[in-house]
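Novice: So that you can map any letter, position 5 of the sequence shown is 4 in numbering that gives the first Met the number 0, and since no number is skipped, the others follow by simple counting.
All C-beta atoms in this analysis are idealised placements derived from N, C-alpha and C, irrespective of residue type, glycine included.
Mind looking over this structure? Questions follow.
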Amino acid sequence: MKAQRRHKYGRGIYHNGVHTGNVCRSIRDIVSAVVNSNKEKEGEKEGMSADVKYELTEEKRIVGDIALYRIRALKDFGDVKAGDLGGWIGSERNLSQNGDAWVSGNAQVFGNAWVSENARVSGDAQVCGKARVFGNAWVFGDAWVFGNTWVFGNAWVSGNARVCGNAQVFGDARVCGNAQVSGNAWVSGNARLRQTSDYLTIGPIGSRESFTTFYWTENGISVSCGCFTGKLDEFAAKVDETHGDNRYGKAYKAAIEAVKQIMAAES
């Protein structure tokens, strides 16, 4: 997996652009999480999961041309009790038989989507396409997660939020309200997105010609740039210390001023 993806439109400022997040720390965590998720899914395809925790009932609904089946728990796990009815899935390839992962309420998981480990999908949420929800992630409310999206770690996607494309939401991030995270965006850490304008990605920029993402948290605007993750004023101080007034420093400082104007106006 590449540590950086270039936006197809090249250099510029993007609300829904690429978010490289905390590359030095996050990439290892992402690769490890995805490898584990892949192993679990492949293992279940090969019949390695002997102790099943749920079954598909005969209760069926049709979504488009896809048949979905309500699930029923066969044993106690997590906060689920044997006999509990869950939500709707297309097949056992949508929900892991391992861990505490569960689909409940009126939630639907179908297509090639995969919910595993301790993840939860509930309410009227939908997860479809090739999306993956794993770790301790939670998708609920009327949220939709689709495309090639990954939602993992302790992340939550809720309300009327939409996460799609190749986007990734992880760490302790919260995407809610009417926020839309799309394209190749990465939203992580303590990000709090209630609307699409709550994050801004600028790049390629700096000596690495990489992307820098600014996003709202409960404590104001934070920044992810290469190995740096921290508050906006801390980032400004680090830029001054590292680059001074050279061309990279000037570019970063211009970006900081732009963010102050754009994100403060839209907050």
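Given a cut-off of 8 Å, decide if Glu54 and Val65 are closer than it, judged by their beta-carbon atoms.
Specialist: Within the sequence shown, residue 65 is the residue found at index 66, counting from 1. Within the sequence shown, residue 54 is the residue found at index 55, counting from 1. In the sequence on display, residue 65 carries Ile and not Val. Contact flag unset, no.
Novice: For Arg60, collect the residues of the same chain with a Cβ closer than 7 Å to its Cβ; drop the 5 residues on either side in sequence, then sort them by chain order.
Specialist: If you number the sequence shown from 1, residue 60 lands on position 61. Counting only Cβ-Cβ distances below 7 Å, and skipping sequence neighbours, we find Leu67, Trp87.
Novice: What does DSSP give as the partner residue(s) for Gly219 in the beta ladder?
Specialist: Taking the first residue of the sequence shown as position 1, residue 219 is located at position 220. Paired residues: Thr216.
Novice: Indicate the three-state DSSP secondary structure (helix, strand or coil) for Glu208 in the structure shown.
Specialist: As a first step, residue 208 is located in the sequence shown; it is residue number 209 there, counting from the start. If DSSP states are grouped into helix, strand and coil, Glu208 belongs with coil.
Novice: Would Arg246 be called buried (16 or more neighbouring beta carbons within 10 Å of its own) or exposed?
Specialist: One-based indexing of the sequence shown puts residue 246 at position 247. Looking at its Cβ environment, which holds fewer than 16 other Cβ atoms inside 10 Å, Arg246 is exposed.
Novice: Measure from the alpha carbon of Leu192 to the alpha carbon of each residue in Ala166, Val174, Gly170, then state which is nearest.
Specialist: The residue you call residue 192 lines up with position 193 of the sequence shown. Closest by alpha carbon: Val174.
Novice: Span of the beta strand (DSSP E) holding Thr241?
Specialist: Residue numbering aside, residue 241 sits at position 242 when the sequence shown is read from its first letter. Thr241 -> not in any beta strand (DSSP E); alpha helix (DSSP H) instead, spanning 231-242.
Novice: I'd like to check one pair, Gly176 with Gly158: are the Cβ atoms closer than 8 Å?
Specialist: As a working mapping, residue 158 is identified with position 159 in the sequence shown. As a working mapping, residue 176 is identified with position 177 in the sequence shown. For Gly158 and Gly176, yes; Cβs fall inside 8 Å.
Novice: Please list, in chain order, all residues of the same chain as Val51 whose beta carbon is under 7 Å from its beta carbon, the five residues on each side excluded.
Specialist: Stepping through the sequence shown from its first residue, residue 51 is reached at position 52. Contacts found: Leu73, Gln96.
Novice: Return the bridge partner residues of Cys163 from the DSSP annotation.
Specialist: As a first step, residue 163 must be located in the sequence shown, where it is residue number 164. Paired residues: none, contrary to the question.
Novice: Out of Gln125, Cys224, Glu91, state which residue places its alpha-carbon closest to the alpha-carbon of Ser206.
Specialist: Within the sequence shown, residue 206 is the residue found at index 207, counting from 1. Nearest C-alpha to Ser206: Cys224.
Novice: For Gly248, I'd like the list of residues in its chain whose CB is within less than 8 Å of its CB, leaving aside the five on either flank, ordered along the chain.
Specialist: The residue you call residue 248 lines up with position 249 of the sequence shown. Counting only Cβ-Cβ distances below 8 Å, and skipping sequence neighbours, we find Val238, Asp239, Thr241, His242.
Novice: Taking all protein chains shown into account, do 16 or more other C-beta atoms lie within 10 angstroms of the C-beta of Leu84, making it buried, or fewer, making it exposed?
Specialist: Residue mapping note: residue 84 aligns to position 85 of the sequence shown, counting from 1. By the neighbour-count rule (16 or more Cβ atoms within 10 Å), Leu84 is not buried but exposed.
Novice: Quick check: the Cα distance between Ser221 and Ala190, rounded to an integer number of angstroms?
Specialist: For the purposes of this step, residue 221 is taken as residue 222 along the sequence shown, with counting starting at 1. For the purposes of this step, residue 190 is taken as residue 191 along the sequence shown, with counting starting at 1. Each residue's alpha carbon lies about 8 Å from the other.
Novice: Would you tell me roughly how many angstroms separate the C-alpha atoms of Ala263 and Asn165, rounded to the nearest one?
Specialist: Counting from one through the sequence shown, the residue named residue 263 turns up at place 264. Counting from one through the sequence shown, the residue named residue 165 turns up at place 166. Near 27 Å, if we compare the C-alpha coordinates of Asn165 and Ala263.
Novice: Could you check which residue in Gly146, Lys129, Asn117 has the C-alpha nearest to that of Ala136?
Specialist: Against the sequence shown, residue 136 aligns to sequence position 137. Cα-wise, what sits closest to Ala136 is Asn117.
Novice: Helix, strand or coil, according to DSSP, for Lys80 in the structure here?
Specialist: Along the sequence shown, one-based indexing puts residue 80 at 81. Coil.
Novice: Helix or strand or just coil, what does DSSP make of Gln260?
Specialist: Counting from one through the sequence shown, the residue named residue 260 turns up at place 261. Three-state result, Gln260: helix.
Novice: Helix, strand or coil for Gly146, going by three-state DSSP, please let me know.
Specialist: Along the sequence shown, one-based indexing puts residue 146 at 147. Of the three classes helix, strand and coil, the one that applies to Gly146 here is coil, per DSSP.
Novice: DSSP three-state call for Arg246: helix, strand or coil?
Specialist: As a working mapping, residue 246 is identified with position 247 in the sequence shown. Three-state DSSP puts Arg246 in a helix.
Novice: Which term fits Cys226, buried or exposed, when burial requires 16 or more other beta carbons within 10 angstroms of its beta carbon?
Specialist: Residue 226 sits at position 227 when you count from the first residue of the sequence shown. Burial call: exposed.
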